[in-house]
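S.K.: Got a structure here, written out as structure tokens. Questions coming.
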Amino acid sequence: MITSIRTQRLILRLPNQADAPALFHTVNGSVETLSRFLSWCTPEYALSDAIKWTRGAEYDAAQGLGFHFLAFEQLSGDLIGSCAVTNRGSALGQDRIWNLGYWIRSSSEGRGFASEAIASVIDAARQSDRIDQLEIKMLATNDKSQRVAIKSGAQFIGIRDEDISLHGKKWPALVYRLTVTHAA
843 MITSIRTQRL
853 ILRLPNQADA
863 PALFHTVNGS
873 VETLSRFLSW
883 CTPEYALSDA
893 IKWTRGAEYD
903 AAQGLGFHFL
913 AFEQLSGDLI
923 GSCAVTNRGS
933 ALGQDRIWNL
943 GYWIRSSSEG
953 RGFASEAIAS
963 VIDAARQSDR
973 IDQLEIKMLA
983 TNDKSQRVAI
993 KSGAQFIGIR
1003 DEDISLHGKK
1013 WPALVYRLTV
1023 THAA
């Protein structure tokens, strides 16, 4: 899998621990919006959480269990979000359907950054012979994420009851899937 990607407006790259302060700042600037959809995003999100996440992302990449990309706007260099492909939980990483997740900071929403980021990550996934499909899950109330999934070419496959944990409750997930056509 690729470690960095350049798009028209973004640079996506695997994180390192030096990114933790920027990640902390970006998440905390968007906690009101992100916490409605992401269980890890709470008002208590701390620098130590960002450090732990970067370490976990480095580990996942080294083990081939997932690839978490931070998205930086090229013009400003600002961190604006994250996009990741991760194994769905198979103990040996042998599941050929992987998760695709993404978030964009509140101040950068509505500008097409999520679609641009996931399009490039989908292209990168085509280079892996371990990924046959990408699955995107979201709450039914997350209209923006639904639009991004549809724009990516993912197809709605159904609703999974109690598939998303958020604020101590289980919620149904809208599930979209995209078949990965491998590069020749």
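In the numbering used here, the protein residues as written are 843 to 1026. For each residue, glycine too, the CB sits at the ideal point set by N, CA and C.
Return the chain-ordered list of same chain residues with a C-beta closer than 7 Å to the C-beta of residue 858, the five sequence neighbours on each side being excluded.
M.R.: Residue numbering aside, residue 858 sits at position 16 when the sequence shown is read from its first letter. If we look at residue 858 and ignore the five residues flanking it on each side, its Cβ neighbours are 896 and 900.
S.K.: Do residue 888 and residue 911 have their C-beta atoms closer together than 8 Å?
M.R.: Numbered from its first residue, the sequence shown carries residue 888 at position 46. Numbered from its first residue, the sequence shown carries residue 911 at position 69. Contact flag unset, no.
S.K.: Under 7 Å Cβ to Cβ from residue 946, same chain only, skipping five residues before and after it: list those, please.
M.R.: The sequence position of residue 946 within the sequence shown is 104, counting from 1. Around residue 946: 922, 923, 955 and 956.
S.K.: Please identify the residue among 1016, 874 and 863 whose C-alpha is closest to the C-alpha of residue 1004.
M.R.: The residue labelled residue 1004 in the question sits at position 162 within the sequence shown. For residue 1004, the closest alpha carbon among the candidates 1016, 874 and 863 is that of 1016.
S.K.: Whole angstroms are fine: how far does the CA of residue 969 sit from the CA of residue 883?
M.R.: The count along the sequence shown starts at 1 and reaches residue 883 at position 41. The count along the sequence shown starts at 1 and reaches residue 969 at position 127. Cα to Cα, residue 883 sits roughly 31 Å from residue 969.
S.K.: In the DSSP assignment, find the unbroken alpha helix (DSSP H) run with residue 988 in it and report its ends.
M.R.: As a working note, residue 988 is residue 146 in the sequence shown. Element bounds for residue 988: 985-993.
S.K.: Residue range of the beta strand (DSSP E) that residue 866 falls in?
M.R.: Position 24 of the sequence shown, counted from the first residue, corresponds to residue 866. Unbroken run through residue 866 is the alpha helix (DSSP H), 862-870; no beta strand (DSSP E).
S.K.: What first and last residue would you give for the beta strand (DSSP E) that runs through residue 849?
M.R.: Taking the sequence shown and counting its residues from 1, the one referred to as residue 849 is at position 7. Where residue 849 is concerned, there is no enclosing beta strand (DSSP E), given that its DSSP letter is neither H nor E.
S.K.: Put residue 969 into one of helix, strand or coil per three-state DSSP.
M.R.: The residue labelled residue 969 in the question sits at position 127 within the sequence shown. Of the three classes helix, strand and coil, the one that applies to residue 969 here is coil, per DSSP.
S.K.: Among the residues of its own chain, which have a CB less than 6 Å from the CB of residue 844, if the five just before and after it don't count?
M.R.: In the sequence shown, counting from the first residue as 1, residue 844 sits at position 2. Answer for residue 844: 966, listed in chain order.
S.K.: Do you know how far the Cα of residue 862 is from the Cα of residue 892?
M.R.: Within the sequence shown, the letter at position 50 stands for residue 892. Within the sequence shown, the letter at position 20 stands for residue 862. Between the alpha carbons of residue 892 and residue 862 lies a distance of about 5 Å.
S.K.: Within the same chain, show all residues whose beta-carbon is closer than 8 Å to that of residue 997, passing over the 5 residues directly before and after it, in chain order.
M.R.: Here the question's residue 997 lines up with position 155 in the sequence shown. Only 1018, 1019 and 1020 meet the Cβ criterion.
S.K.: Residue 976 lies in the beta strand (DSSP E); which residues open and close that run?
M.R.: Within the sequence shown, numbered from 1, the residue matching residue 976 stands at position 134. From DSSP, the beta strand (DSSP E) with residue 976 extends over 975-980.
S.K.: Tell me residue 882's beta-bridge partners as DSSP assigns them.
M.R.: Here residue 882 is taken as the residue at index 40 of the sequence shown, counted from 1. BP columns for residue 882 are empty, so no partner.
S.K.: Can you list, in chain order, the residues of its chain whose CB lies under 7 Å from that of residue 877, leaving out five sequence neighbours each side?
M.R.: For this step, residue 877 is matched to residue 35 along the sequence shown. Correct list, in chain order: 883 and 884.
S.K.: Looking only at its own chain, which residues have a Cβ that is under 8 Å from the Cβ of residue 886, when we skip the five neighbours before and after it?
M.R.: In the sequence shown, the residue the question calls residue 886 occupies position 44. Counting only Cβ-Cβ distances below 8 Å, and skipping sequence neighbours, we find nothing.
S.K.: Tell me where the alpha helix (DSSP H) around residue 897 begins and ends.
M.R.: Start at 1 with the first residue of the sequence shown, and residue 897 comes out as number 55. Note, residue 897: alpha helix (DSSP H), 889-905.
S.K.: Where residue 961 and residue 850 are concerned, what is the direct C-alpha to C-alpha distance, given to the nearest angstrom?
M.R.: Sequence index remark: in the sequence shown, residue 961 carries index 119 (1-based). Sequence index remark: in the sequence shown, residue 850 carries index 8 (1-based). Whole-angstrom Cα-Cα distance: 11 Å.
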